[in-house]
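Report on the structure given below.
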């Protein structure tokens, strides 16, 4: 069931989102070629706890870190590793969340490390913009598929792939609440959006085909099947009677 948040709950989620936005901003400034993904995780957890929050991801369903660090062809859920280093020319997705007084916020950013290829830069830019194209339709009275269709149409207009096997989600006291939010059009209109819903919208876009595979060794990391680059952008938003409010930006 999709929960409609009260004014008190919305204010708590606003604060969670404000903190998460600061965490992403500060974490992004720390990124540089040569640092290990484990060091990124250490800094992320330190930032989250420094703001008085709990890392949403740490030990969530067994995930062993506070941030997912996904590099190049990794779409999501990359596990930080002290032996894995980011390099010049990489694109690096950082996906993390915070819990503030029992309420969650979830956001992802993809960063370009130094000089990247024109294709990589375009992919990152289009992924971010596809989020904003989608949320133009994220208002009370519209349907969920309006948002999904807009994300897909924008990304595919550049020849990119829209991942089918991973979706966005509702969010509140739990990280993953109803509804599931595809980044692609479906045959159904989906639920009608109502003011007070809080949603995590997260386009996951590839430079090639949309097919993905799970790493059988770690059970978490998702990569593109064809080895093409992938990019991820996410924010937690609030549905209102007008334009949506982006809580984590």
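In the UniProt record's numbering, the protein residues as written are 1 to 249. Ideal Cβ placement from N, Cα and C applies to all residues, glycine included. None of the values given here were measured: they were computed from a predicted structure.
Counted within 10 angstroms of its Cβ, other Cβ atoms place residue i as buried (16 or more) or exposed
i           : result
residue 119 : exposed
residue 50  : exposed
residue 186 : exposed
residue 73  : buried
residue 180 : exposed
residue 152 : buried
residue 37  : buried
residue 104 : buried
residue 170 : buried
residue 182 : buried
residue 28  : exposed
residue 45  : buried
residue 5   : buried
residue 41  : buried
Coil, strand or helix - residue i by DSSP
i           : result
residue 41  : helix
residue 125 : helix
residue 84  : coil
residue 114 : coil
residue 225 : coil
residue 130 : helix
residue 49  : helix
residue 60  : helix
residue 79  : coil
residue 107 : strand
residue 71  : strand
residue 99  : strand
residue 4   : coil
Given residue i as reference, the closest of the options once Cα atoms are compared
i           : options               : result
residue 39  : 117, 10, 94 and 74    : 94
residue 237 : 185, 139, 110 and 87  : 139
residue 147 : 206, 34, 84 and 129   : 129
residue 115 : 84, 92, 161 and 168   : 92
residue 30  : 60, 86 and 6          : 86
residue 34  : 100, 104, 81 and 168  : 81
residue 163 : 117, 9 and 222        : 222
residue 249 : 4, 43 and 23          : 23
residue 275 : 197, 184 and 143      : The structure shown does not extend to residue 275, since the chain is modelled only from 1 through 249, so no value can be given for it.
residue 77  : 245, 166 and 5        : 166
residue 125 : 203, 70, 224 and 6    : 203
residue 70  : 8, 192 and 206        : 206
residue 32  : 132, 89 and 239       : 89
residue 135 : 79, 168, 160 and 161  : 168
residue 106 : 113, 157, 159 and 201 : 201
Start-to-end residues for the beta strand (DSSP E) that takes in residue i
i           : result
residue 8   : Per DSSP, residue 8 belongs to no beta strand (DSSP E); it is in the alpha helix (DSSP H), 7-30.
residue 199 : 198-201
residue 175 : Residue 175 -> no beta strand (DSSP E), and no H or E assigned at all.
residue 204 : 204-206
residue 238 : 235-238
residue 230 : 230-232
residue 190 : Segment: none, residue 190 is in no beta strand (DSSP E) and carries neither H nor E.
residue 248 : Segment: none, residue 248 is in no beta strand (DSSP E) and carries neither H nor E.
Where the alpha helix (DSSP H) containing residue i begins and where it ends
i           : result
residue 145 : 144-156
Below-8 angstroms beta-carbon distance, residue i vs any chain C residue
i           : result
residue 215 : Given the protein chain composition of this structure (a single chain), no chain C is represented.
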